[in-house]
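Count the sequence shown with this note's numbering and you get residues 162 to 304, in order. Below is one structure, written out as structure tokens, with a few remarks after it.
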Amino acid sequence: MYFMFIHCPFLVRTRSAKSRSRLISYNISWIVNNFILIMSRSGRSGSSFMSEGNKKQDEVVVKNVDMAEDLQEEAIQAAQDAMTKSKVEKDVAAAIKKKFDDEHQPTWHCIVGRNFGSYVTHESKHFIYFYIGQKAFLLFKSG
């Protein structure tokens, strides 16, 4: 069990009931916000307060795309599926490439990682560059 002390400047004695009510409301929201912040920084898994943080880790951000909407969704879904099966970036890239080669005619190329540069030539309407959390995914067809 965790106990924590939060210092909050309560000033309940004021002249009017309206300002006292406003101040109490402010202090309650201050306590709630700081409690959530402390819980999220504690790193306790299973905490309902961590669900916001986990959403940001798995957030999909498309940086650059030249691809049909349905193919984009398929690429993102393939990346999410591959990440659940393996944590090794090389294996994730191989799984995505294999799926796209099998379902959309060869030759697809896939790069997965946190830090890489690229300069590629791709077929028209067959390129996507996106992030899931902190991992970047570059998928394109060439050849």
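Beta carbons: idealized from backbone N, C-alpha and C, even for Gly.
Helix or strand or just coil, what does DSSP make of residue i?
i: H283; result: coil
i: K302; result: strand
i: S203; result: No answer about S203 holds up, because its pLDDT of 42 lies below 50 and its placement is not dependable.
i: A297; result: strand
i: V249; result: coil
i: D227; result: strand
i: F288; result: strand
i: S190; result: For S190, the pLDDT reaches just 49, beneath the cut-off of 50, and the residue's location in the model is therefore unreliable, although a value from the coordinates is still provided. Helix at S190.
Please check if any C-beta of chain C sits within less than 8 Å of the C-beta of residue i.
i: Y280; result: No chain C is present in this structure, which holds just one protein chain.
Can you tell me whether residue i sits near the ligand NAD, meaning its C-beta is under 7 Å from at least one heavy atom of the ligand?
i: K259; result: Of ligands this structure carries none, so the ligand NAD is not represented either.
Can you tell me whether residue i is buried or exposed? The criterion is at least 16 other CB atoms within 10 Å of its CB, across all chains shown.
i: F277; result: exposed
i: K260; result: buried
i: I192; result: Note that I192 has pLDDT 47, beneath the 50 cutoff, so the model's placement of it is unreliable and the number below is only indicative. The residue is exposed, with fewer than 16 neighbouring Cβ atoms inside 10 Å.
i: K251; result: exposed
i: V253; result: buried
With distances taken Cα to Cα, identify the nearest neighbour of residue i among the options.
i: W269; options: F298, K246, E230; result: F298
i: Q238; options: T282, V281, F291; result: F291
i: K224; options: D263, S303, K296; result: K296
i: D231; options: H265, I272, T245; result: H265
Please confirm whether residue i and residue j have their CB atoms less than 8 Å apart.
i: E220; j: G294; result: yes
i: L300; j: A236; result: yes
i: I289; j: Q241; result: no
Distance, Cα to Cα, residue i vs residue j?
i: A243; j: V226; result: 20 Å
i: S247; j: S285; result: 30 Å
i: S303; j: T282; result: 7 Å
i: A255; j: D262; result: 10 Å
i: P160; j: V222; result: Outside the displayed span of the chain (162 to 304) sits residue 160, for which this structure offers no information.
i: K258; j: C271; result: 6 Å
i: V249; j: S279; result: 20 Å
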